[in-house]
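Student:
Protein chains in written order, with the working numbering: chain D, 192 to 306; chain G, 51 to 160.
Below, the structure written as structure tokens:
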């Protein structure tokens with residue numbers, strides 16, 4: 192079974208631009224979560240989608256948004272990029288198991304550099 | 051505010067030594083997970099602990115969940131260079147939301 196696939200693996204953008212990252216979950220997984228990883232803040236939760244609906248959201252500004260398609264694939268968008276948005280963006284998928292058994296499988300991430 | 055405090059942040063030891071990584075919180079979690087992440091890759095799940103007091107073993111790795119489900123530890127026996135990596139603990143707050151510790155960057159020197 193293929194794992195979580197994230198594209199692209201690397202991106203370089205300049206301040207003020209916008210960017211879209213893509214995530215294909217493991218087949219059969221309906222929940223997709225996004226995280227930002229930086230050396231200073233570690234891994235921080237951005238948002239989670241299930242059946243094309245955002246169910247949970249972290250403490251990030253509105254410049255960060257996402258969506259999920261009917262095939263469970265997800266995209267996240269960051270508008271008006273800032274230098275501080277440089278990070279590894281990780282996507283994780285899960286079966287949406289019952290509470291207490293939330294096993295998420297991560298992709299390799301997209302490394303975004305904002306110049 | 052970091053809900054999960056992981057310590058130490060950095061650890062460099064010689065091959066064959068033992069080590070323990072701690073993950074502490076004032077919050078109760080329904081489960082706690084340990085991941086290992088290597089450069090250029092996403093975190094890979096090592097284990098999930100669910101029951102207070104639970105102990106799980108994975109070869110030379112022993113994971114323990116505190117009785118109150120607020121803390122956890124990872125103990126590695128006879129560390130090997132292949133154990134080098136970033137170890138992350140993550141608490142499950144429900145609704146597919148994981149809260150991660152800052153991570154422990156472990157280096158095992160041959």
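We put the beta carbon where it would ideally sit given N, CA and C, even for glycine.
By how many angstroms is the C-alpha of residue 148 of chain G removed from the C-alpha of residue 291 of chain D?
Tutor: The residue you call residue 291 of chain D lines up with position 100 of the first chain. The residue you call residue 148 of chain G lines up with position 98 of the second chain. Unreliable placement is indicated for residue 291 of chain D, whose pLDDT of 47 sits below 50; the coordinate value is still reported in the next sentence. If I take the Cα positions, the gap works out to 11 Å.
Student: Using DSSP with H/G/I as helix, E/B as strand and the rest coil, what is residue 142 of chain G?
Tutor: In the second chain, counting from the first residue as 1, residue 142 of chain G sits at position 92. Three-state DSSP puts residue 142 of chain G in a strand.
Student: How about residue 56 of chain G and residue 152 of chain G: are their beta carbons less than 8 Å apart?
Tutor: On the second chain, position 6 is the one that residue 56 of chain G refers to. On the second chain, position 102 is the one that residue 152 of chain G refers to. Against a cut-off of 8 Å, the Cβ pair of residue 152 of chain G and residue 56 of chain G comes out as a contact.
Student: How many angstroms separate the CA atom of residue 298 of chain D from the CA atom of residue 68 of chain G?
Tutor: Taking the first chain and counting its residues from 1, one reaches residue 298 of chain D at position 107. Taking the second chain and counting its residues from 1, one reaches residue 68 of chain G at position 18. Roughly 30 Å between the two C-alpha positions.
Student: Excluding the five sequence neighbours on either side, which residues of its own chain have a C-beta within less than 7 Å of the C-beta of residue 259 of chain D, listed in chain order?
Tutor: The residue given as residue 259 of chain D occupies position 68 in the first chain. Only 223, 240, 243 and 265 meet the Cβ criterion.
Student: Which one of G:92, G:132, G:113 and G:143 has the shortest CA to CA distance from residue 73 of chain G?
Tutor: The residue labelled residue 73 of chain G in the question sits at position 23 within the second chain. If we check each option's Cα against that of residue 73 of chain G, G:113 comes out closest.
Student: What does residue 300 of chain D touch in chain G if you count any residue whose Cβ is under 7 Å from its own?
Tutor: Taking the first chain and counting its residues from 1, one reaches residue 300 of chain D at position 109. Going along chain G in sequence order, the residues near residue 300 of chain D (Cβ under 7 Å) are 92.
Student: What are the residues in the segment 268 to 284 of chain D lying within 7 Å of chain G by C-beta distance?
Tutor: Cβ contacts with chain G come from 281.
Student: Taking C-alpha atoms, which residue in D:193, D:206 and D:211 lies nearest to residue 200 of chain D?
Tutor: Numbered from 1 along the first chain, position 9 holds the residue referred to as residue 200 of chain D. Comparing Cα positions, the closest option is D:211.
Student: Taking the beta strand (DSSP E) that residue 229 of chain D falls in, what are its first and last residues?
Tutor: The residue given as residue 229 of chain D occupies position 38 in the first chain. Run containing residue 229 of chain D: 222 to 229, per the beta strand (DSSP E) assignment.
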